[in-house]
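Residue numbers (this note's numbering): 5 to 407. Every residue, glycine too, gets a C-beta built ideally from N, C-alpha and C. Being a predicted model, the structure only gives us computed values, none of them experimental.
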């Protein structure tokens, strides 16, 4: 069934694939109104080819294709790196980070075009439906949200293909891929199909961004990553903007097979899902940034930030980018980055990224304090009193329990 609230104009998150092409026509049939197709360029590369023509042929009144790559890197990827965002200790959140940006851009188009509704092609079993819709609810709460997969009568891909044939939708119907993909500047994700068997090793020819570690160069490559207030500003001394940083690091890390992860994650809706990810540049940034924090942030602040990073990652994964709670968490993270400035040297070799050096003009590391040789700044005798006080609760508990 369609939504009960009448709508006059819809902005559709459009990829040009079978699902959103069918959705575009279905929306026009069901609601009898104008549909504007919106595509965000967040680094899909060749996937954007021919989209405008395809959208118009399928019935869109207009097709927006916006280059959001720089904004994606600067305002979403870089803050995630600053916060050391890692969902369930392994996933660098490439897809999760793009969704709120797309929702934000769609809201801007809707306001410009006077649209009163949004639609997306996310299914009722995944996370993206939540991310898209929470973004819209946070930025345009008065708008109607249409999620076709939750309300139409199509049962699966075969139904969509029949509908496409009946409507003359210009979608090339080819053999179904053995998995689904999502690509952007941060990563490529693979899931579904043959990957639904969590014990099956992915085929090597699946990977697009990274060389197999076995076939990677036999000699390591070193990079110097420069940070200023927690953001990467240069690679090997060359100043780069956030988009250039991601493109440069994706290329060099991919060459060395860095950034592959194969995990089973817990979706927000409660389903366990196997995902395979390639996040080459993001992996380098995550490792280098966290290491620089080790010499530029004091112990207690760093420990608290490490705990908050778990919450930060969950907020991103669960679609709360624009929430009040996220704003508060990000304010804390931003404050911690004031002195995260310096250089980290990493070594790339056969699928690994290892930190081999770090330096900073505002480093808290004091070799005179850390040395095992004779020194004058630290009196080892002071440790006895400290341990006596620090260990008093444990000592007193043990003493009383023995009575």
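Tell me the DSSP secondary structure of residue i in three-state form.
i	result
residue 303	helix
residue 16	strand
residue 26	helix
residue 359	strand
residue 249	helix
residue 209	helix
residue 89	coil
residue 129	coil
residue 407	coil
residue 287	helix
residue 66	strand
residue 173	coil
residue 100	helix
residue 82	helix
residue 162	helix
residue 258	helix
Who are residue i's beta bridge partners in DSSP?
i	result
residue 269	277
residue 193	186, 281
residue 352	225, 357
residue 38	13
residue 232	235
residue 294	None; residue 294 has no bridge partner.
residue 122	15, 149
residue 45	71
residue 264	282
residue 95	91
residue 347	230, 363
residue 243	238
Should residue i and residue j be called a contact, given that it needs their Cβ atoms to be closer than 8 Å?
i	j	result
residue 104	residue 334	no
residue 260	residue 352	yes
residue 282	residue 192	yes
residue 190	residue 87	no
residue 73	residue 247	yes
residue 99	residue 222	no
residue 20	residue 58	yes
residue 131	residue 382	no
residue 348	residue 229	yes
residue 77	residue 250	yes
residue 284	residue 253	yes
residue 337	residue 309	yes
residue 113	residue 143	no
residue 1	residue 30	The chain is shown from 5 up to 407; residue 1 falls before or after that span and cannot be answered.
By Cβ distance below 6 Å, which residues in the same chain neighbour residue i in space, the five residues on each side in sequence not counted?
i	result
residue 12	37, 120
residue 94	265, 267
residue 92	269
residue 234	86, 341, 344
residue 124	17, 136
residue 177	The predicted position of residue 177 is uncertain, since its pLDDT is 46 and thus under 50; no value can be drawn from it.
residue 43	18, 55, 69
residue 317	89, 90, 91
residue 217	261, 354, 355
residue 369	299
residue 23	125
residue 202	268, 278
In chain order, what residues of the same chain lie with their CB nearer than 8 Å to the CB of residue i, ignoring the 5 residues before and after it?
i	result
residue 64	16, 18, 28, 39, 40, 41
residue 151	123, 124, 126, 128, 133, 137
residue 275	129
My understanding is that residue i touches residue j, with C-beta atoms under 8 Å, so please give their C-beta distance in whole angstroms.
i	j	result
residue 299	residue 367	5 Å
residue 290	residue 96	6 Å
residue 263	residue 195	With a Cβ gap of about 17 Å, residue 263 and residue 195 do not count as contacting.
residue 473	residue 257	No answer is possible for residue 473: the residues shown for the chain start at 5 and end at 407.
residue 301	residue 357	The Cβ separation is near 21 Å, so there is no contact.
residue 227	residue 240	6 Å
residue 297	residue 306	6 Å
residue 215	residue 9	Wrong, their Cβ atoms sit about 51 Å apart, outside the cutoff.
Excluding the 5 residues flanking residue i on each side, which residues of the same chain have their C-beta closer than 7 Å to its C-beta?
i	result
residue 232	345
residue 324	138, 330
residue 205	none
residue 207	none
Does the ligand ADP have a heavy atom nearer than 7 Å to the CB of residue i?
i	result
residue 234	Because no ligand of any kind appears in the structure shown, any question about the ligand ADP cannot be addressed here.
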